[in-house]
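2 protein chains.
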Amino acid sequence: MTPPAVILSHTQMGENVGSAARAMKNFGLSELILIAPMMEWPNDRAQILASGSADILANARIYQTAEEALAPFQLVLATTARDRDVVKQVHTPAAAAARLRQAAAEGVRTALLFGGERAGLGNDELSICDGVITIPTSEFSSLNLGQAVLLLGYEWLKAADTTPAVRIRSHLGVPATRGDLVDLFEHLERELDAANYLFPPEKRETMVRNIRAMILRSGLTDQQARTIRGMIVALVRNKYRGHKT
Amino acid sequence: MTPPAVILSHTQMGENVGSAARAMKNFGLSELILIAPMMEWPNDRAQILASGSADILANARIYQTAEEALAPFQLVLATTARDRDVVKQVHTPAAAAARLRQAAAEGVRTALLFGGERAGLGNDELSICDGVITIPTSEFSSLNLGQAVLLLGYEWLKAADTTPAVRIRSHLGVPATRGDLVDLFEHLERELDAANYLFPPEKRETMVRNIRAMILRSGLTDQQARTIRGMIVALVRNKYRGHKT
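Residue numbers (the working numbering), protein chains in the order written: chain A, 1 to 245; chain B, 1001 to 1245.
Below you can see the structure in the form of structure tokens.
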């Protein structure tokens, strides 16, 4: 699947092209296009900020108009901070990423269009885009160009990311089986009974239930269940030794 | 709801504290804490990069140890790029944001912990966190500290953002009613019949169905439906004028 091209229009600062390239590389984008850059090109500041993604800068293509730059693309979404008097579908970054992914999966050539630092995109440029993207921010909003590219790149990668929302590092053990846990519970309760901790008898059941719940909630791995049993053995041994001396 | 504090441990570059503050402001975070900063403080570079969020820097609190800095917090999630030999729940940024939001809604004091530029977080620091967060990236990963804060701030704001995934700017008109559309269809088809465009008769129904589908798919507003009817009137008038001359 070909990721979307990143098209920067009328960019003024080389730093922003550089940090855009670096953001692209972080999230697997590679095709960079500049429309009428308002700085010298190639650009030293861009090179410095692009650290590690110099290949993206080296392969960047330059056009003088949006019409030429956008000509080969079949789906183009434009980021815009301000409300425009243009009837377009307005996407959240996540919805834009999903739409671009689906189109790219069907072989459609896609692109993300970003305006210049000060003026943003012109209405002529917007008029040949399929829709716009607005990044949600607080009322104070000062996202720069590199940050906007970063967030869209992040959403692009995330749209295909299959990492579970929450997981436990698996090389450090697997969740304990119920059998491991019951062995642990019974071991612990036997020693607590021996120590007269589960007292008085009429409260014993409730105390046991609370202790089991506390241990269950911690989601132990098999290794951790063994560690706790080892700690119990050590504590009990120490206690007897204490009594002897 | 109190947003999570942002805690930066052993930060080396003022620029990164400044861009972290700016990222925080963009997404409605305000509480900044530094653990043992490895630069002078207050810091000129931080001030420059923070543009517009100087209040966050001015109110930043400094501690020398993670134990002191984290003491008041009840839920702390730490970002870490590298795999650690520590059994912790690993969250995607979105899952972390959801967990922090839910906790904050219940009055729990929450924080996000970020390590230094070179060494990341120490195992001692991680050992007092509730879980870790890993930002998905391509194999080339060079997210800096400011960018990591930006992405987590973005997910925090997004977790409560109710913007529809895709919408049409509503002040520019509401979707055309079926009545508006049927009037448009019939107007257009009448004129196309008059112009002998819907020919031959046995193909008429298919042609009409295709034209209607094409118009429906464009999701017209009421104003756009009127605009198209105006265009039809103008084109027809012009045609007759053309015939006359």
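The beta-carbon is built from N, C-alpha and C at its ideal position, and this holds for glycine as well.
None of the values given here were measured: they were computed from a predicted structure.
Would a check of beta-carbon distances place residue i closer than 8 Å to chain A?
i	result
Phe1027 of chain B	yes
Pro1004 of chain B	no
Ala1095 of chain B	yes
Arg1229 of chain B	no
Ala1165 of chain B	yes
Lys1244 of chain B	At Lys1244 of chain B the pLDDT is 48, less than 50, meaning the model places this residue with poor confidence and gives no usable figure here.
Could you name the residues of chain B that residue i contacts, counting a contact when the two beta carbons are closer than 7 Å?
i	result
Gly52 of chain A	Phe1140, Ser1142
His161 of chain A	Note on residue identity: the sequence assigns Asp, not His, to residue 161 of chain A. Under the 7 Å cutoff, chain B gives Pro1136.
Tyr154 of chain A	Leu1151
Ala78 of chain A	Going along chain B, no residue has its Cβ under 7 Å from Ala78 of chain A, so there is no contact; the nearest lies around 14 Å.
For residue i, return the contacting residues in chain A, with the cut-off set at a CB-CB distance below 7 Å.
i	result
Gln1147 of chain B	Leu150
Contact defined as beta carbons within less than 8 Å: I believe residue i pairs with residue j. What is the distance between those atoms, to the nearest angstrom?
i	j	result
Ala5 of chain A	Phe73 of chain A	7 Å
Thr248 of chain A	Ala103 of chain A	Only positions 1 to 245 of chain A appear in this structure, which leaves residue 248 of chain A out of reach.
Gln47 of chain A	Ala36 of chain A	Incorrect: roughly 20 Å between the Cβ atoms, too far for contact.
Ala95 of chain A	Val1166 of chain B	5 Å
Asp1130 of chain B	Val1076 of chain B	6 Å
Could you list which residues in chain A have their beta carbon closer than 9 Å to that of residue i, in chain order?
i	result
Leu1157 of chain B	Pro136, Thr137, Ser138
Ile1168 of chain B	Val87, Lys88, Gln89, Val90
Ala1119 of chain B	Within 9 Å Cβ-Cβ: nothing; Ala1119 of chain B doesn't reach chain A, min ~19 Å.
Provide the residue span of the alpha helix (DSSP H) that contains residue i, from first to last.
i	result
Thr206 of chain A	201 to 217
Ile1056 of chain B	1054 to 1058
Ile1048 of chain B	1044 to 1049
Val174 of chain A	No alpha helix (DSSP H) contains Val174 of chain A, which DSSP labels as neither H nor E.
Asn1123 of chain B	1123 to 1126
Arg118 of chain A	Per DSSP, Arg118 of chain A belongs to no alpha helix (DSSP H) and is neither H nor E.
Ala20 of chain A	14 to 26
For residue i, which three-state DSSP category applies?
i	result
Ser1009 of chain B	strand
Tyr197 of chain A	coil
Pro1093 of chain B	helix
Val166 of chain A	strand
Leu1075 of chain B	strand
Leu1032 of chain B	strand
Val1132 of chain B	strand
Thr1221 of chain B	strand
Ala1066 of chain B	helix
Ser138 of chain A	coil
Leu143 of chain A	coil
Ala160 of chain A	coil
Thr227 of chain A	helix
Thr1245 of chain B	Per-residue confidence for Thr1245 of chain B stands at a pLDDT of 43, beneath the threshold of 50, marking its modelled position as unreliable; the derived number appears in the next sentence. It is coil, neither helix nor strand.
Glu189 of chain A	helix
Gly107 of chain A	coil
Which residues in chain B have a C-beta closer than 9 Å to the C-beta of residue i? List them in chain order.
i	result
Ala21 of chain A	Result: empty, since nearest Cβ-Cβ is about 11 Å, beyond 9 Å.
Taking the beta strand (DSSP E) that residue i belongs to, which residues open and close that run?
i	result
Arg1061 of chain B	1061 to 1063
Ala111 of chain A	110 to 114
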